[in-house]
Structure formats: C-alpha cells, structure tokens
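> I have a structure here, written as structure tokens, and I will follow up with some questions on it.
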Amino acid sequence: MLEEVSSQANGVLNKRPSVMRARPGELDADALPDAAEETWYRLDDVVAIFADLKNSTQLNLGKNTEDMAAIYSAASGSVTQIMDGFDVDYVQVQGDGVLGIFWGPKRYARALCSGMMVKSFSENTLVPRLTKRWANAANTGYKVGLSSGHVLVKNVGTPEERSQQQPVWAGNPVNYAAKASQQAKPGELIVTDSVWRVIKTMPNLMQNCTHSTRGSHGSQVNSTDAWQKVIIDKIAHDASQSSGQVYSKSRCNLCGSERIESSTF
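First residue of the sequence shown? That's 812 in our numbering, and the numbers climb one at a time after it.
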C-alpha cells in the first residue's frame, strides 16, 4: 500500500494538477467531482469564517456522554444553523470549531453578520446556559475570525468512495480565519486586513447595534468606536493581512438582514 500511495503522490507532484477558475454561481460545493478527478477549482474572492469554542476539552471533563452530546449539539449545531441563516455557501464542523465559506453577492456582509450573530449567541445564550447548568464549567465561549482572498477546492479522499471524501479548501483565507479566531478572546471577532479594507467602506456593517430592547432604532454609534486595531500575531509573517481589527460589542437579532440589504459586497 505504501508503495502505491507513494507512486501516486510522486505522479501528482511531477505532473501538477490543472486548476480551473470557477465563477461563484457555477460552483456547488456539494456537487464537486469525485476525488479521482485531478482538477482543482479556483474561486477568486471568498470570505472564510472560523468559529472556535474556547476550552472545549476542559468543558467536557467530568461530563457523561449525554451531557457531552448536548453541549456539542447546542454549540456546533447552533453555529451551523446561524451560518445557514445567512446563506453560507459551504459549512463544515471541524472538531470543536465551525468553518464557513461565503462567495457570490454580498459575501462580506453575509459572513460578517453571521460572525456577529455567532458572537451574540455565544455571549447571550450559550455561555449563560452552560454556567447555569454547570457552575464549575470551564471558561468558554466562541471566538470568531474572518479572512478573505482566493482559494482552491476539490474533493479529496479515496477515489470512487464518496463516503471517504470531502472538499478541501486550500488557501490563506481558511488558514488566516482560523488563526484569527485562535487569537481572539471569547466574545471577540477579529478580521484580517483583506476583510477590513472592504467592510470599512460600509459604515452600516461596522457600527454597533442601534436597536432598543423593543426593536426601535436608537442612536447611531460611530463606526470607529466599535472596532479596535490588532496585530494578528499568528500571521505576522504576512504584513498584508496581519494588521487586523477586533470587534467586541454586541448586536441583536434584528441587525443582520437589514445590514445585508443595504450592503454592496
């Protein structure tokens, strides 16, 4: 087996697979060709979001299997549902984290608003509920990172065995979103410079929540007050991306759709 796999790897490296540029409306991540197909597909500009649950290992210590199942369902299940509510184009649970990929119209707005909603869900629902149920629960909460740029994607795994294949997203956006989430604290959302350059041109995306508890509009909040500059240490080698911005305010469930509607990207 080792000889066969080594031979295949050498063949791929020597030949170099083809890369086909895909338009956003043409790519369906759920209908990618079998892993036996060598072609990779390139999307020129996607927004990747990664939501990472802090201290998930410690959170499960001393829990029975039913409690562990409940925690993962309430956490990862809810986050994927939130991303789906903002029309995420691809979502994947990765251990205690959730990866979302957005492309096409209003991808920056959809990705950012989904990240804001994950943050609010974590702060206002998940963490309070966990600490109420387990008084000695580990300090936890979702940390969110976003980055953007081009990616390559194809199904990777055992050829002609669909159950042993999954899309692999290769490129900086996925890696940098994960790195940004790792640096964030619970309740924080960090965006890399590529995302910031776009969203800073849309004040409605950047400003704090302007709704009262009864849903009417309150006073506007200066967009610069809601964000703070941060150096993302884990990607310090890439000066074009490491100068990020962190958002730690809260938004309500009324903020998402109207902000997306008034956004350009």
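All C-beta atoms in this analysis are idealised placements derived from N, C-alpha and C, irrespective of residue type, glycine included.
1) Which term fits ASN825, buried or exposed, when burial requires 16 or more other beta carbons within 10 angstroms of its beta carbon?
2) Only counting the same chain, and skipping five residues up and downstream in sequence, which positions put a Cβ closer than 7 Å to that of THR891?
3) With distances taken from CA atoms, which of GLU999, LYS1011, ASP839, HIS1048 is nearest PHE913?
4) Please give the ranges of any beta strand (DSSP E) in the segment 889–929, keeping only runs that are unbroken, at least 3 residues long and fully inside the region.
5) Check LEU824 in the structure and name its three-state DSSP category.
6) What are the boundary residues of the alpha helix (DSSP H) that ASN986 is part of?
7) Do you know whose CA, among SER1054, ASN983, ALA1047, lies nearest ALA859's CA?
8) Relative to the C-alpha of ALA862, which candidate in GLN1056, LEU923, ALA847 has its C-alpha closest?
9) On a CA-only basis, which of ASN821, ILE1010, GLY873, ASP1004 is nearest TYR919? Give me that one, please.
10) Leaving aside the five residues before and after GLU815 along the sequence, list all residues of the same chain whose C-beta is less than 7 Å from its C-beta, in chain order.
11) How is ASN767 classed by DSSP in three states: helix, strand or coil?
With the structure as the only source:
1) Label assigned to ASN825: exposed.
2) Excluding positions up to five away in sequence, the list reads VAL902, VAL904, VAL909.
3) Of GLU999, LYS1011, ASP839, HIS1048, the residue nearest in Cα terms is ASP839.
4) Whole beta strand (DSSP E) segments, 3+ residues: 901–905, 908–913.
5) Helix.
6) That run of the alpha helix (DSSP H) goes 983–994.
7) For ALA859, the closest C-alpha among the options SER1054, ASN983, ALA1047 is that of ASN983.
8) That would be LEU923, whose Cα lies nearest to the Cα of ALA862.
9) The shortest CA-to-CA distance from TYR919 to any of ASN821, ILE1010, GLY873, ASP1004 is the one to ILE1010.
10) Excluding residues within five positions, none has a Cβ falling inside 7 Å.
11) Limits of the chain in this structure are 812 at one end and 1076 at the other, which puts residue 767 out of reach.
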